[in-house]
Every structure is written in structure tokens, then in C-alpha cells.
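Asker:
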Amino acid sequence: MLKTLLYVNEDLASSIALRFTDYLNKFVKLSLYIIHVEEPDAKEQVGTGWVRRTWEDGVRSSGKRLVDRMLRTENIDCPLAGRPKIVVEESDFLGERKDREVVYELGNGMYKLFIKGYLDSADPEKFYELISSKLSTETSCPMLVVKNLSLSKKCALLCADSVDPKLLVEKSMDILGDSTFDLDLVFFKFKENEELRVLDPKEGGSYLRETEALLAERDKVVNNVTVLSGTPEQVGDYLKDYALVASTLPSRKSMRMYTLAHSLASVLLVG
Amino acid sequence: MKILVALDTQKYSRKIVKDVARLAQNTLADIVFLGVQAETAEPAEELTLALTKYQQDVYSYFSSDELPYGDLSQAKWQKEDKGDWLISAKGIKEFSLRIRSGGVAKQVVQVARDTACDLIILGCDEEFGCEWDGEMNVPLRIAEDAPCSVLVIKKSLAVKQIVSILDQSVVSQDALEMVNQLVTLYDAGLKIVGVQEKGGGKKDQIEQRMVELLRYYNEREVSGWVTLIDSEQVKKYVTNSSKEAIVALWMGNKQSLIKRLFSQSMVDKLLSTSRSSVFILR
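Just so you know, the protein sequences line up as chains A and B, in that order.
Just so we're on the same page, the working numbering is the position in the first sequence counted from 1, plus 220.
Just so we're on the same page, the working numbering is the position in the second sequence counted from 1, plus 1303.
1) Is residue 416(A) close to chain B, meaning its C-beta is less than 8 Å from at least one C-beta of that chain?
2) I'd like to confirm the pairing. Which residues does DSSP put opposite residue 1274(B) in its beta bridges?
3) Please list, in chain order, all residues of the same chain as residue 228(A) whose beta carbon is under 6 Å from its beta carbon, the five residues on each side excluded.
4) What ranges does the alpha helix (DSSP H) occupy inside the region 1373-1444 of chain B, keeping only unbroken runs of at least 4 residues that lie completely in it?
5) Rounded C-beta distance between residue 448(A) and residue 406(A)? I'm assuming under 8 Å.
6) Within 10 Å of its beta-carbon, does residue 1571(B) have 16 or more other beta-carbons around it, so buried, or fewer, so exposed?
7) Helix, strand or coil: which one does DSSP assign to residue 1554(B)?
8) Could you work out which residue in 1455(B), 1341(B), 1422(B), 1364(B) is closest to residue 1316(B) when comparing CA atoms only?
9) Going by the beta-carbon positions, is the gap between residue 241(A) and residue 252(A) smaller than 8 Å?
10) Can you tell me which of the three DSSP states residue 1333(B) falls into?
11) In terms of DSSP beta bridges, what is residue 403(A) paired with?
12) Are residue 1396(B) and residue 1427(B) touching if we call contact CB-CB under 8 Å?
13) Judging by CA-CA distance, which residue of 436(A), 362(A), 307(A) is the nearest neighbour of residue 331(A)?
14) Run the CB neighbour count on residue 471(A), radius 10 Å, all protein chains shown included, and call it buried at 16 or more, exposed below.
15) With residue 235(A) as the anchor, note down where its alpha helix (DSSP H) starts and where it stops.
16) Note down, one range per segment and in chain order, each beta strand (DSSP E) of at least 3 residues found wholly within the region 285-343 of chain A.
17) Once DSSP output is grouped into helix, strand and coil, what is the label at residue 1310(B)?
18) Would you give the residue range spanned by the alpha helix (DSSP H) that residue 391(A) belongs to?
19) Is the region 1356-1373 of chain B close to the region 1414-1430 of chain B, with three or more CB pairs under 8 Å?
20) Does the beta carbon of residue 295(A) sit closer than 8 Å to a beta carbon anywhere in chain B?
21) Which residues in the same chain have their Cβ closer than 8 Å to the Cβ of residue 230(A), if we skip the five residues on either side of it in sequence?
22) Cutting at 7 Å between CB atoms, please list the residues of its own chain near residue 1449(B), excluding the five before and the five after it.
23) Who are the neighbours of residue 1576(B) on chain A, taking C-beta pairs under 7 Å?
24) What does residue 1510(B) reach in chain A if we use C-beta pairs closer than 9 Å?
25) What does residue 342(A) touch in chain B if you count any residue whose Cβ is under 7 Å from its own?
26) Since residue 1549(B) sits in a beta bridge, which residues does DSSP pair it with?
27) With DSSP run on the structure shown, which of helix, strand or coil describes residue 469(A)?
28) Less than 8 Å between the C-beta atoms of residue 1512(B) and residue 1469(B), yes or no?
29) Give the straight-line distance between the Cα atoms of residue 464(A) and residue 279(A), rounded to the nearest whole angstrom.
30) Counting only Cβ-Cβ distances shorter than 8 Å, please list the residues of the region 453-479 of chain A near chain B, keeping chain order.
31) Under 8 Å, Cβ to Cβ, is there at least one residue of chain A near residue 1554(B)?
32) Alpha carbon to alpha carbon, how far is residue 1442(B) from residue 1402(B)?
33) Quick one: which residues of the region 361-382 of chain A get their C-beta closer than 7 Å to a C-beta of chain B? List them in chain order.
34) Are residue 1578(B) and residue 1451(B) close, meaning C-beta to C-beta below 8 Å?
35) For residue 1513(B), go through chain A and note every residue whose CB falls closer than 8 Å to its CB, in chain order.
36) What residues of chain A sit near residue 1640(B), judged by a beta carbon separation below 7 Å?
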């Protein structure tokens, strides 16, 4: 069982994330925990001592009702391993506090996977904001960015010349190693083509061969190896047939980062 | 559901009959085939023959025990009014052939109003954009003025995706179902694209609409991919999407963001540049 923390808010992204987590549980057995950070209006924040504690209890109850509503509405089958954790955000930390609380919980709770909903956007900068935030860079475990409810039975490892094969295989297999997903390897080569082109697997070079060898060492069967040549938009669209796509966390704005931003499938960021 | 199909004797009209037949099979809709001709005392023979042929083609897609429409083979054209002729047969559902005299766009919109149609379907010639019998603005005027949804089929491509673009406006049940039918018809994927004002205005309402849509389609075992875009990106996004996918624009009321963004000239451009079909949903 993979100890997993899912961030829930009352929005479309969380609605999709809840349902996708439920779907994921059919392929990877999850021990699921939920966290929600309640963000009261700065003007509402009051006092110190018991006054503040009483006020916080009220805010926390409101957050609990929100999570209950979401769970009731989405009616997921995946059982929760514990009570949802509701954190009250303090105004002096503004948005950073939310990330900090989640990062703290992830480290403290020894979670193996963090799941967060992300409403897919045509603007890749928003995706970059997410993956360069504290939440992505300081978490102690891989993060699954749920973009869509793709009910596919296969997942892919996205390789490229900038992806360390050892890191990708080791960390992604910590999550997907025992899963019942069919596994594909997709190697991305950037080129401004009119249409997406599928190249000979030899074009993937040594990084692809090393990735295949590392998976073979772990007795993982790879169903398809595809080398794609195209733009991030074209490859992103190609990836929509997967339930999720795993890759290492891009450290900068690169073509691979843009590809993950344009992926309609959910993205598992490792490393 | 009632579907009005605007037809003439051109190749683009012949090519849409197969799609109409498959929609009729899936929806069991009442169907009206409408031909519009110049002002004459009698219906033109070429047009009556063409409409009859199209009707027979649609019937041929059904097995005899599944055909929901009545027999039209013995029916005679009846004059309903000046410049208005009709033949009709009723089975479980009604199938009508109608010919009217006058301007094409005006008559199509008028018949759609008079008969309370839910959907107008027409083809167009894609050689110079989206022409109807040499006139550029017929599909545009129908799309603009119709009281119901309009599907303009340019080319029966192997469409892989229906890109459904909406704002915060309320979405009608019929329009939801029509998109569902298109997904089934083309065995295509569905992308639900929410448009929000730059700066994030009404985001909650848009997300709420997207949640409703996603639930509706998931319940029908149709998976949809969702994306949220800013109003500034919408024209470029729609133009790019229309190269490969069928674009379905949800035109709401006067407050509708999409209605404001898609001025007449923009809908015209979309009709001209789209390679497949354009669906205006109301």
C-alpha cells in the first residue's frame, strides 16, 4: 500500500483529482489521506489565545464540511486511511503557508506520493509556476499532478536527453513498480514539424537504451517504445491516451517542461 | 428532438446525408429536409428529386423493422402556402420534405422557428471558405440568426476530437446531448474548454459549468479532457483547434463571454478556416 496524501479543495481540479485517485487505486493500491488548507479572509482573522483558538475551530469545521461535501459528491470507492487533515492558513504567510503546511505534512507523515489536482491550461507558464513552487521542489516524495480523468489502462515514462534514466526508473518504479498499468516508453525529441513524427527506436540513443535496460533489470515489461519528433503541443496531445505520464521534475523551462505542461494526461513528477 | 436539414443539389449537400442518417439513427429525431429555390409557381423538379433521393438514402441506413419513419413513396407534394410545399409521413417519428421559395438563409431560419427545431444541419463548399451555391454568407447568416443550434459540416473528416468551448452561461440539455451524439457519431474524444475573462473573473461559475458537463458525460461513459483558457487566448485556440477537430461553441445569452468574443466576423472566419465542421450551440 502506497501511503498517499491528496490535496482537496472545493473546485473542479480537486473534483477530478478525487475521481482519478479512485481510478488509480484500481492499479496501485493506495493508503489514502486527505489534506485541506482553509484560507479565511485576512479581515476575518481575530485575536490571540482562546479567542483565536475558538475562531480557528470554527474555520476548521468549515473546512471539514467542505471536504465532506467533496467526498459525498464524488462518492469515491477508495477508502480513507485516516481522518482528513484540515489546516487553517494564517494571513501573515499568505499563499506560502498553504504550501509550507502541505510540505511539512508530507515530510512528517512519511508519505510516498502526493496528489494534487491541476486544471489544465493553455498557458504553460501556469504549469511552470506549479512545478517551481515549494510544493513541488521541497516535497519529499513524487507528486502526481492530476489534469484529467483519463480512464486508460496504460501509463508512460517520458524520456528525453535531459532525463537521467536511473533517477527516472528508480523513482517512478517506487510508485508504478507494482502497478497493473501497461507500461510504455516515450522518448521526446523536439523538432518544429507540421505533424508529429514517429521515428525509429534507434533514434532514442543511449539514454533510451539505458532506460530500457534498467527496467529489464527490474523485470518490468515495456509494451511499446516510441520515439517522437515534434513540438511540445503535438507530443502533449499524443500523451492523452495515457492515464498518466511519469518524468523527472524539470528544473527549468525546457521543451520537456512545455511538453509536460501541454500533456492532457496527468503527470507524475519524480526526483 | 427535431432536426432541420438544409439541402440543395450540390455535392456538399449530398455528402452530409450519411452523417444525418447516423444522427437520425442515434437520436430517433423528427427530420425535416428543406430545399429553398428561387420564386417560382411550382417546386423545381431537380430539387424535389434531390430531396427524395436524400430521404431514400437516409431510409436505407435503417433496417425495415427499425425504420421509425412512415412511407413517403406514395406521398404527393402539397401546397401549404404561397411558395411553400410539403410532403410528410409519420411513423413513430415524422419525416418531412419541404420546399420554400425565397432567400436561403431567411427561409431556413424561418422554418426552424415555425417548426420549433432543435438543430439545423447544413453542408457547405469549402473551396473558397464556406460557400452555399456560390454565396459566402448563407452558412454565416444561418449560424448567426438561427433560434437553435447549428451544425455546419464542411468535410466528413476522420474527426478525432470534439472541442467544446463554453463560458459561464447555462447550457441546455439538448445542446449537451447533441455534443454527446457527435462524440458517438465520430467516435471522437471530447475536450471541454472553459473560457474565463482575463484576470480570473467568474472562474467559480465556469468551473461549476465544467463540473456539470464532466459529470453529464462521465455518466454516459464519455471521458472528457478539461482545459481552462483566458479570453485573450480563445480566438487563437479556436483557430488552431478547428484544423483537426470539430469546434462546438456554446453561444449563451447577451451576457455570454463567447458571444461577445465571437463577433459576426469571427464566426465567419471560423467557418472559413475550419477544415472539418463547426457547431454553434444554443
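All residues carry an ideal CB built from backbone N, CA and C; glycine is no exception.
Answerer: The short version:
1) The residue you call residue 416(A) lines up with position 196 of the first sequence. Residue-level contact by beta carbon fails for residue 416(A) and chain B, as no gap is shorter than 8 Å.
2) With chain B covering 1304 to 1585 only, the question about residue 1274(B) has no answer from this structure.
3) Here residue 228(A) refers to the residue found at position 8 when the first sequence is read from its first residue. Closer than 6 Å at the Cβ level, and outside the excluded window around residue 228(A), lie 234, 254, 256, 287, 290.
4) 1407-1417, all fully within the region 1373-1444 of chain B.
5) As a position in the first sequence, residue 448(A) is number 228, starting the count at 1. As a position in the first sequence, residue 406(A) is number 186, starting the count at 1. Their Cβ separation, rounded to whole angstroms, is 6 Å, which keeps residue 448(A) and residue 406(A) in contact under 8 Å.
6) Taking the first residue of the second sequence as position 1, residue 1571(B) is located at position 268. Buried is the call here.
7) Position 251 of the second sequence holds residue 1554(B). In the three-state reduction of the DSSP assignment, residue 1554(B) falls in the coil class.
8) Indexing the second sequence from 1 puts residue 1316(B) at position 13. Comparing Cα-Cα distances from residue 1316(B) to each of 1455(B), 1341(B), 1422(B), 1364(B), the minimum goes to 1455(B).
9) Counting from one through the first sequence, the residue named residue 241(A) turns up at place 21. Counting from one through the first sequence, the residue named residue 252(A) turns up at place 32. In contact: residue 241(A) and residue 252(A) (Cβ atoms closer than 8 Å).
10) Indexing the second sequence from 1 puts residue 1333(B) at position 30. Here residue 1333(B) sits in strand by DSSP.
11) The sequence position of residue 403(A) within the first sequence is 183, counting from 1. The partner list for residue 403(A) (beta bridge, DSSP) reads 375(A), 442(A).
12) In the second sequence, residue 1396(B) corresponds to position 93, counting from 1. In the second sequence, residue 1427(B) corresponds to position 124, counting from 1. With contacts defined by Cβ atoms closer than 8 Å, residue 1396(B) and residue 1427(B) do not form a contacting pair.
13) Position 111 of the first sequence, counted from the first residue, corresponds to residue 331(A). Of the candidates 436(A), 362(A), 307(A), 362(A) places its Cα closest to the Cα of residue 331(A).
14) Working through the first sequence from its first residue, we reach residue 471(A) at position 251. Exposed, since its Cβ has fewer than 16 Cβ neighbours within 10 Å.
15) Here residue 235(A) refers to the residue found at position 15 when the first sequence is read from its first residue. DSSP places residue 235(A) inside the alpha helix (DSSP H), whose first and last residues are 232-244.
16) Runs of the beta strand (DSSP E) inside the region 285-343 of chain A: 305-308, 333-337.
17) Walking along the second sequence from the start, residue 1310(B) turns up at place 7. Assignment of residue 1310(B) by DSSP, reduced to helix, strand and coil, places it in the strand class.
18) Stepping through the first sequence from its first residue, residue 391(A) is reached at position 171. Here the alpha helix (DSSP H) through residue 391(A) covers 385-396.
19) No, the region 1356-1373 of chain B is not in contact with the region 1414-1430 of chain B.
20) Counted from its first residue, the first sequence places residue 295(A) at position 75. Answer no: the Cβ-Cβ gap between residue 295(A) and chain B never drops below 8 Å.
21) The residue you call residue 230(A) lines up with position 10 of the first sequence. If we look at residue 230(A) and ignore the five residues flanking it on each side, its Cβ neighbours are 286, 289, 290.
22) The residue you call residue 1449(B) lines up with position 146 of the second sequence. If we look at residue 1449(B) and ignore the five residues flanking it on each side, its Cβ neighbours are 1412, 1415, 1423.
23) Within the second sequence, residue 1576(B) is the residue found at index 273, counting from 1. Counting only Cβ-Cβ distances below 7 Å, residue 1576(B) has no contacts in chain A at all, with the closest Cβ about 16 Å away.
24) Here the question's residue 1510(B) lines up with position 207 in the second sequence. 231, 232, 233, 235, 339, listed in chain order.
25) Translated into positions along the first sequence, residue 342(A) becomes position 122. Near residue 342(A) (Cβ distances below 7 Å), the residues of chain B are 1530, 1532, 1536, 1540.
26) Position 246 of the second sequence holds residue 1549(B). Residue pairing for residue 1549(B): DSSP places it in a beta bridge opposite 1465(B).
27) What you label residue 469(A) is simply residue 249 of the first sequence in a count that begins at 1. Residue 469(A): coil per DSSP, three-state reduction.
28) If you number the second sequence from 1, residue 1512(B) lands on position 209. If you number the second sequence from 1, residue 1469(B) lands on position 166. The criterion of a C-beta distance shorter than 8 Å is satisfied by residue 1512(B) and residue 1469(B).
29) As a position in the first sequence, residue 464(A) is number 244, starting the count at 1. As a position in the first sequence, residue 279(A) is number 59, starting the count at 1. As the crow flies, the alpha-carbon of residue 464(A) is around 35 Å from that of residue 279(A).
30) Flagged, chain order: 460.
31) As a first step, residue 1554(B) is located in the second sequence; it is residue number 251 there, counting from the start. By this cut-off, residue 1554(B) is not an interface position.
32) Stepping through the second sequence from its first residue, residue 1442(B) is reached at position 139. Stepping through the second sequence from its first residue, residue 1402(B) is reached at position 99. Between the C-alpha atoms of residue 1442(B) and residue 1402(B) there is a straight-line separation of about 18 Å.
33) From the region 361-382 of chain A, only 368, 369, 370, 371 have a Cβ closer than 7 Å to chain B.
34) For the purposes of this step, residue 1578(B) is taken as the residue at position 275 of the second sequence. For the purposes of this step, residue 1451(B) is taken as the residue at position 148 of the second sequence. With respect to residue 1451(B), residue 1578(B) sits apart: the two C-beta atoms are not nearer than 8 Å.
35) Within the second sequence, the letter at position 210 stands for residue 1513(B). Those are 232, listed as they occur along chain A.
36) Given a span of 1304 to 1585 for chain B in the structure shown, any question on residue 1640(B) remains unanswerable.
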